[in-house]
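*Asks:* Please find one structure pasted underneath; my questions will follow.
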Amino acid sequence: MAQQQNNPITARLEQSFKEADQAREELTESMSNSVAANCDLLHHGLVSAKGLETTTEMYRHMLGQLLRHSSGEVRAQVLQSFNRSMEKFWPRKAGHDAQGNQPD
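Now the structure itself:
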């Protein structure tokens, strides 16, 4: 009898956890999109106010600080993101390895 009563409770708990996980994923995605949109606005504002050269120097400084961060996890995530961006905007030419060398 107790087993029969526990099944609906267990099922409701599992459903509740699934719904909480879904809500968390949606919130994370929404926050990521919001951060990305704000970064775009900030970038355009900086370029308009200070020019591309000054903005590029600021990004160079910020990237350097992040790559020197005391947390290895932060450094690894920044480097991984940087490498993905490099591949997106400057993909390797066919037939070149990671160092830019052509195979023999």
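Quick note: the sequence shown uses this note's numbering, first residue 648, plus one each step. All C-beta atoms in this analysis are idealised placements derived from N, C-alpha and C, irrespective of residue type, glycine included.
Please confirm whether L726 and L714 have their CB atoms less than 8 Å apart.
*Replies:* For this step, residue 726 is matched to residue 79 along the sequence shown. For this step, residue 714 is matched to residue 67 along the sequence shown. Result yes, Cβ atoms of L726 and L714 sit closer than 8 Å.
*Asks:* When the distance is taken between beta carbons, is R707 closer than 8 Å to H716?
*Replies:* For this step, residue 716 is matched to residue 69 along the sequence shown. For this step, residue 707 is matched to residue 60 along the sequence shown. No.
*Asks:* Measure the alpha-carbon distance for L693 versus W737 and round it to whole angstroms.
*Replies:* Indexing the sequence shown from 1 puts residue 693 at position 46. Indexing the sequence shown from 1 puts residue 737 at position 90. Looking at the two C-alpha atoms, the distance is approximately 24 Å.
*Asks:* When DSSP labels each residue in this structure, what does S717 get in the three-state scheme?
*Replies:* On the sequence shown, position 70 is the one that residue 717 refers to. Of the three classes helix, strand and coil, the one that applies to S717 here is coil, per DSSP.
*Asks:* Rounded to whole angstroms, what is the Cα-Cα separation between A684 and Q669?
*Replies:* Residue numbering aside, residue 684 sits at position 37 when the sequence shown is read from its first letter. Residue numbering aside, residue 669 sits at position 22 when the sequence shown is read from its first letter. Cα to Cα, A684 sits roughly 23 Å from Q669.
*Asks:* Using the three-state DSSP reduction, which class does P738 fall into: helix, strand or coil?
*Replies:* The count along the sequence shown starts at 1 and reaches residue 738 at position 91. Coil at P738, not helix or strand.
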